[in-house]
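Protein chains: 2
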Amino acid sequence: MNIDQILDKIYPLSAKSKLVLKENFIEVSFPKHLIIIRADKVEKNIYFIKKGIARTFSRIDDNEITFSFGKEGDTIASLKSYIANQKGYENIELLEDCELYELNTENLQNLFNENIEIANWGRKFAEQELIKAEERLISRQLGTATERYNELLKNYPDLIQRVQLGHIASYLGITQVSLSRIRTNIK
Amino acid sequence: MNIDQILDKIYPLSAKSKLVLKENFIEVSFPKHLIIIRADKVEKNIYFIKKGIARTFSRIDDNEITFSFGKEGDTIASLKSYIANQKGYENIELLEDCELYELNTENLQNLFNENIEIANWGRKFAEQELIKAEERLISRQLGTATERYNELLKNYPDLIQRVQLGHIASYLGITQVSLSRIRTNIK
DNA sequence: AGAAAAATTTATCAAATGATAAAAAAGGGA
DNA sequence: TCCCTTTTTTATCATTTGATAAATTTTTCT
Numbered sequence: 001m002n003i004d005q006i007l008d009k010i011y012p013l014s015a016k017s018k019l020v021l022k023e024n025f026i027e028v029s030f031p032k033h034l035i036i037i038r039a040d041k042v043e044k045n046i047y048f049i050k051k052g053i054a055r056t057f058s059r060i061d062d063n064e065i066t067f068s069f070g071k072e073g074d075t076i077a078s079l080k081s082y083i084a085n086q087k088g089y090e091n092i093e094l095l096e097d098c099e100l101y102e103l104n105t106e107n108l109q110n111l112f113n114e115n116i117e118i119a120n121w122g123r124k125f126a127e128q129e130l131i132k133a134e135e136r137l138i139s140r141q142l143g144t145a146t147e148r149y150n151e152l153l154k155n156y157p158d159l160i161q162r163v164q165l166g167h168i169a170s171y172l173g174i175t176q177v178s179l180s181r182i183r184t185n186i187k
Numbered sequence: 001m002n003i004d005q006i007l008d009k010i011y012p013l014s015a016k017s018k019l020v021l022k023e024n025f026i027e028v029s030f031p032k033h034l035i036i037i038r039a040d041k042v043e044k045n046i047y048f049i050k051k052g053i054a055r056t057f058s059r060i061d062d063n064e065i066t067f068s069f070g071k072e073g074d075t076i077a078s079l080k081s082y083i084a085n086q087k088g089y090e091n092i093e094l095l096e097d098c099e100l101y102e103l104n105t106e107n108l109q110n111l112f113n114e115n116i117e118i119a120n121w122g123r124k125f126a127e128q129e130l131i132k133a134e135e136r137l138i139s140r141q142l143g144t145a146t147e148r149y150n151e152l153l154k155n156y157p158d159l160i161q162r163v164q165l166g167h168i169a170s171y172l173g174i175t176q177v178s179l180s181r182i183r184t185n186i187k
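So the protein lines, in turn, are chains B and H.
Going by full-length UniProt numbering, the first sequence opens with residue 1, and the numbers climb by one from there.
Going by full-length UniProt numbering, the second sequence opens with residue 1, and the numbers climb by one from there.
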């Protein structure tokens, strides 16, 4: 998924504004297992996934909780850093070798104040992330772990192939052992 | 909490832009128990709470799940309606007699395209809701029901006084009976 | 105030999940 | 390929939470 597709999906910009915004992106590659965003740091960059997959998680006294998975076209960001310039809650780990579009956000605030199209692009970006956050919140609260696992299988059949079970278990809010049990019963 | 305080808290507007935006608000009062936002409808209005308290919830085959509580200064909105003009996931019920600022959103899209300050106000509004949604998602996933109840008590001591236990239980993701049990053990 | 409705507590039993440990299977690197 | 590490499965027992029902307390309405 290329940068034009990613930008257009958020909000359609004029050719001119798009050029101005695109100047702030660079294309980068990072290896599997890299933790690209750290919970204890204020991050200056956000990323859009060109190719690969990532997961957002927090560590709570020895336990890891996975909040979301991101794939091609999705965002990798410390929202607290991006929005409030404060250190965030989440770590983000690359689960495959990834090609990313990196956006340094220091200059973005100036663009928001100068260019109304880019301001609205930023508005839509936040709004779309907000809808996704709400959907995650709702799906997490609905039904049993078994139901949520089946839901996940239905909506993201490729995820199971690309992500290890322990991460999926922590996404579902159960232990890896419980998920293994559930899978046995489904078969 | 008056409308100027609410608007300023989101993003500081020039006097002129603030007047333009404020023209779209009206002050309204509604009684306790009213369901002001319905999950099965596309809602044209969003609200800010001047006085009172509300809860956001979904009904899933006979069970109710409370996603959030809102108090003075908070927003009451069907995010899907506001952002995507589609029917939302959530019902919103007033838990007290409420005084609200009602914002009809049909004209808001035009303002976003015409006034860069208001566009940035809308951006900040979405960003702040996004941070809140993320915090809810994280807090819901952390620790046992007992820990989450104690956390809630610490952060919102007045909530217990104003909201009935069944709603708090469904917010914590447990049954009312379980919460009652937990409270007995804490004492 | 008094009656009716709603909310909360208490109790019992069943089901789901956690914690731990150990075995089996899969994956990665020299 | 082979060895070592990581991941997944399986098993056992303890704990938490759910479902249901009934009793008690609180709230609401006239």
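Glycine is no exception: its CB is placed at the ideal position from the N, C-alpha and C atoms.
Grouping DSSP H, G and I as helix and E and B as strand, with all else coil, what is residue i?
i	result
K41/B	coil
V20/H	helix
K87/B	coil
E64/H	strand
Grab me the residues of residue i's own chain with a C-beta within less than 7 Å of its C-beta, minus the 5 sequence neighbours each way, in chain order.
i	result
T175/B	A169
G143/H	none
F30/H	I36, L94, C98, L100
E90/H	I37, A39, T56, F57, S58, F67, S78
F112/H	I118, A119, G122
R140/B	G173
N104/H	N24, K44, N45
S17/H	N115, E117, I118
Y11/H	N120, W121, K124
The beta strand (DSSP E) that contains residue i, what's its start and end?
i	result
I60/H	54-60
G73/H	First-last for G73/H: undefined, no H or E at that position.
S29/B	25-30
Can you find a C-beta in chain H that's less than 7 Å from the C-beta of residue i?
i	result
G52/B	no
G70/B	no
Q141/B	yes
E151/B	no
L130/B	yes
Y89/B	yes
L172/B	no
A77/B	no
residue 188/B	Only positions 1 to 187 of chain B appear in the structure, and residue 188/B is not among them; the question remains open.
I186/B	no
Checking contacts by CB at 7 Å: is residue i closer than that to chain B?
i	result
A133/H	yes
residue 189/H	A query on residue 189/H cannot be resolved here, the shown segment of chain H reaching from 1 to 187 and no further.
Y47/H	no
L111/H	no
I168/H	no
A15/H	no
R123/H	yes
I116/H	yes
A126/H	yes
I60/H	yes
I83/H	yes
I65/H	yes
Which same chain residues end up closer than 8 Å to residue i when comparing Cβ atoms and leaving out the 5 residues on each side of it in sequence?
i	result
A145/B	L172, G173, I174, S178, L179, I182
N185/B	T146
G73/B	M1, Q5, I6, K9, F48, I49
L13/H	L7, L21, E117, I118, W121
R136/H	F67, S68
Ordered along the chain, which non-local residues of its own chain (more than five positions away) have a Cβ less than 6 Å from that of residue i?
i	result
T66/B	R55, F57, H167, S170, Y171
E96/H	K32, G52, I53
E43/B	I37, S78, S81
R148/B	L172
V28/B	L100, E102
Could you pull the start and end residues of the alpha helix (DSSP H) that residue i belongs to?
i	result
N185/B	176-186
N150/H	145-155
Y171/B	165-172
L137/B	116-141
L7/H	3-10
Using DSSP's beta-bridge definition, name the partner residues of residue i.
i	result
L103/H	F25/H, I46/H
E93/H	I35/H, R55/H
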